[in-house]
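Take a look at the structure set out below.
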Amino acid sequence: MITPTPLMQIVTGYWAFKTLAAAVDLDLFGRLAGGRVVTRQQAEKEFGLPERPADLLLAACASLGLLERAGEGYRNTALAEEFLVPGRPHYFGGQVRYSDERTYLPWHRIGEALRTDRPLTWDPDTQESLFTTADPSMLALFWEAMYSTSSFTARALGEAYDFGAHRRLLDVGGGAGAFPIELCRRYPKLRATVFDLPHVRAKAEEKIVAAGLTDRIGTAGGNFLTDPALPDGHDVVLLSMILHDWNEAQNRSILARCHAALPSGGAIVISELLLNDERTGPPAAALMGMNMLVETEGGKNYSAAEYTAWLTDAGFTDVRTISFDAPGANGALVARRP
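Be aware that the sequence shown starts at 1, since it is given in UniProt numbering, and climbs by one per residue.
Right under this line is the structure:
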């Protein structure tokens with residue numbers, strides 16, 4: 001019998017997110033780091049909460065797999081301990097805070113975005129792009145948010161595709177450098193360059209130093225949309241979670257410059273949340289496309305068939321698609337410059 005249960009799950013989806021966001025805002029998981037147990041009564045005092053809210057928050061976080069019972073109290077689950085404790089290498093709180101502070105309220109006006117085809121989180125009339133926002137604190141949150149997601153996506157990509165066949169990697173729009181860091185850790189002979197805007201380049205340099213990989217990963221400042229050429233001297237170009245931010249014409253231009261920067265036999269790798277060719281899902285890709293409506297002027301999520309056509313038109317051959325499961329991508333297209 002068909003029931004409205006699936007609809008109820010969709011309608012109430014934001015309950016789980018806002019519960020997580022509130023817990024992160026309170027630093028609940030940070031205060032329970034290292035196996036510390038807190039009772040409801042202790043939570044009331046420590047977080048300044050009345051009895052009922054303290055009880056409801058702890059129960060809700062436990063129901064979401066973020067806390068677990070320990071005697072009369074609660075402690076972090078392994079998931080929360082790994083990703084929701086500030087200062088941990090793959091802290092995910094930046095993603096939570098960015099979504100809560102930057103995109104949650106604009107999503108309330110999704111109907112406006114549908115009618116106007118204009119982003120809701122920034123003003124194209126006064127700002128160059130989402131990535132050159134005048135709010136440095138929000139931009140810093142964005143890069144922190146991306147780093148954890150990118151690190152685990154890079155690991156999945158590194159398992160699915162053999163970067164050991166290459167010498168030098170160019171990560172176009174590489175952000176804080178998560179992909180080169182993870183790939184160079186996995187492939188000891190690989191060297192890499194992170195190419196991104198100058199102020200983003202500084203973020204990458206910090207992460208590269210912290211990873212102890214300054215001898216193998218460098219940076220180059222520039223704009224992959226406007227610079228006439230990309231840095232040369234690399235035999236594989238990576239576009240990781242980049243092309244969904246831009247429209248078809250911009251993406252074709254980016255791919256043409258990637259083709260020009262590669263030697264004969266060089267490869268390009270496009271890692272994305274790919275729509276199926278029927279454009280019916282999966283939900284992660286389709287809903288990311290809706291988020292692009294909120295956050296970009298022309299971005300959307302594309303199918304492997306669309307990327308294949310653009311790669312072929314740019315002069316690439318031997319296009320193939322690799323599937324994997326990761327937070328920021330579900331597959332990659334690999335092609336070769338003949």
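Note that the Cβ used here is the ideal one computed from N, Cα and C, for glycine as well.
Check, Outcome
"Under 8 Å between C-beta atoms of ARG88 and VAL37", "no"
"Beta carbon of THR103 nearer than 8 Å to that of ASN291", "yes"
"Bounding residues of the alpha helix (DSSP H) (the contiguous stretch that carries VAL294)", "283-295"
"Secondary structure of ASP162, DSSP reduced to three states", "coil"
"Contact the region 213-230 vs the region 191-205: 3+ CB pairs below 8 Å", "yes"
"Nearest candidate by alpha-carbon position, reference ARG118, set LEU293, LEU20 and ASP313", "LEU293"
"Segment contact, 8 Å Cβ cut-off, at least three pairs: the region 134-144 with the region 64-84", "no"
"6 Å CB neighbourhood of PHE142 in its chain, flanking five on each side removed", "TYR98"
"Anticipated Cβ contact below 8 Å, GLY73 with THR19, distance rounded", "About 19 Å; that fails the 8 Å criterion."
"Length-filtered (3 minimum) beta strand (DSSP E) runs lying within the region 203-241", "217-221 and 236-240"
"Nearest-angstrom Cβ-Cβ length linking GLY177 and ILE217, presumed shorter than 8 Å", "7 Å"
"Cβ shell of GLU248 (< 7 Å), same chain only, five flanking positions each side left out", "none"
"DSSP state of ALA80 mapped onto helix, strand, coil", "helix"
"Beta-carbon separation (whole angstroms), ALA329 vs THR153, contact threshold 8 Å", "5 Å"
"Touch test, the region 301-312 against the region 277-285, Cβ-Cβ under 8 Å, three pairs minimum", "yes"
"Within 8 Å, strictly: CB atoms of ALA229 and ALA261", "yes"
"Assigned exposure category for HIS166 - 16 Cβ within 10 Å defines buried", "buried"
"Close Cβ partners of residue 341 (< 6 Å) along its chain, the five nearest in sequence each way excluded", "Absent from the model: residue 341. The displayed extent of the chain is 1 to 338, so no value can be given."
"Alpha carbon of LEU56 to alpha carbon of MET146, nearest angstrom", "30 Å"
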